[in-house]
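Numbering (our numbering), first residue to last: 19 to 292.
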């Protein structure tokens, strides 16, 4: 009889141990644990995203001294009351019902720009493209160097895996680092591996690479994958506890069913043998 009760107790203890095996080591949770020993000299360079194929940009050329000519470089569309757009090309526009055309960079890295024609823009930063276009316009077309403003409309990063709110997030200023992306996604869950955050990146030629970030280590700020690029995919890997617990529903049901049968049999034998 004592042996039967001992077996029952052991199996119950195993179920309890299985259900409480999700304790996580503290030292794998905090970010930047060695921040006091990291050199910040290398991190003083400001990041500028470079244009890639399929990026969507807007370009505005402004020159108050020669406004009529400057407007010829600005493509616009008109929206009617039904929301339909019709291209008007380069016009003298004052109404708020008009909006600038967005340029989609081709796979070869080009856009078709008014008057200047086909421009190769891929690989340039926002500031570099502004200077490039201004240099093509002045002094050939304008008497004074124009103000050229380039805006990136689709700087998007996707965050998947062990985060609170997976999704795709857009940076209005064309800049996002790994911590900002995780903040947009509601931060990692307790099950995410801080030392194994993967970044899938595609370059202008379509080549794909994987980078791995260890956010426990403050030296991560020096990684080329710390500052994200447009269309990066961030994947937060689940830890071993989460992976093991992925089938906890079916496994726990099986364990409790087995224990219930053992307890029932032990109770029956006890009643028979007492």
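Using N, Cα and C, we set each Cβ at its ideal position, and we do this for glycine too. This one's a predicted model, so the numbers in the text were calculated from it and none came from an experiment.
- Task: Could you have a look at residue 225 and say whether DSSP puts it in helix, strand or coil?
- Result: In this structure, residue 225 counts as coil in the three-state DSSP scheme.
- Item | Residue closest to residue 135, alpha-carbon to alpha-carbon, out of 250, 213, 73 and 155 | Of the listed residues, the one whose Cα sits closest to residue 135 is 155.
- Item | Rounded C-alpha distance that separates residue 204 from residue 187 | Rounded to whole angstroms, residue 204 to residue 187 spans 12 Å at the Cα level.
- Query: What does a CB cutoff of less than 6 Å around residue 165 pick up in its chain, not counting 5 residues either side in sequence?
  - Reply: Around residue 165: 80.
- With 16 as the cutoff for other CB atoms within 10 Å, does residue 221 come out buried or exposed? Residue 221 should be labelled exposed.
- Query: Is the beta carbon of residue 173 less than 8 Å from the beta carbon of residue 248?
  - Reply: In terms of Cβ geometry, residue 173 and residue 248 form a close pair [threshold 8 Å].
- Strand pairing of residue 231, partner residues [DSSP]: Paired residues: 215.
- Contact set for residue 65: own chain, Cβ-Cβ below 7 Å, skip 5 residues either direction: Closer than 7 Å at Cβ, skipping near neighbours: 193 and 245.
- Message: Less than 8 Å between the beta carbons of residue 168 and residue 75, yes or no?
- Response: Cβ distance < 8 Å, so residue 168 and residue 75 count as in contact.
- Item | Nearest residue (CA-CA) to residue 242, options 158, 190 and 63 | Measuring from the Cα of residue 242, the nearest candidate turns out to be 63.
- Task: Taking only the alpha-carbon atoms, compute the straight-line gap between residue 251 and residue 131 and give it to the nearest angstrom.
- Result: Pairing residue 251 with residue 131, the inter-Cα distance amounts to about 31 Å.
- Identity of the residues DSSP links to residue 198 by a beta bridge: Per DSSP, residue 198 has no beta-bridge partner at all.
- Message: Quick check on this structure: which residue in 232, 142, 216 and 235 has the alpha carbon closest to the alpha carbon of residue 226?
- Response: Out of 232, 142, 216 and 235, 216 has the C-alpha closest to the C-alpha of residue 226.
- Span of the beta strand (DSSP E), counted from its first residue to its last, around residue 128: Element bounds for residue 128: 128-131.
- Query: Run through DSSP, which three-state label would residue 63 get?
  - Reply: Reduced to three states, the DSSP call for residue 63 is coil.
- Query: Any idea if residue 83 is buried or exposed, counting beta-carbon neighbours within 10 angstroms, 16 or more meaning buried?
  - Reply: When all chains shown are included, residue 83 counts as exposed.
- Whole-Å CB distance - residue 177 paired with residue 210, under 8 Å assumed: Contact flag wrong, Cβ pair sits at about 11 Å.
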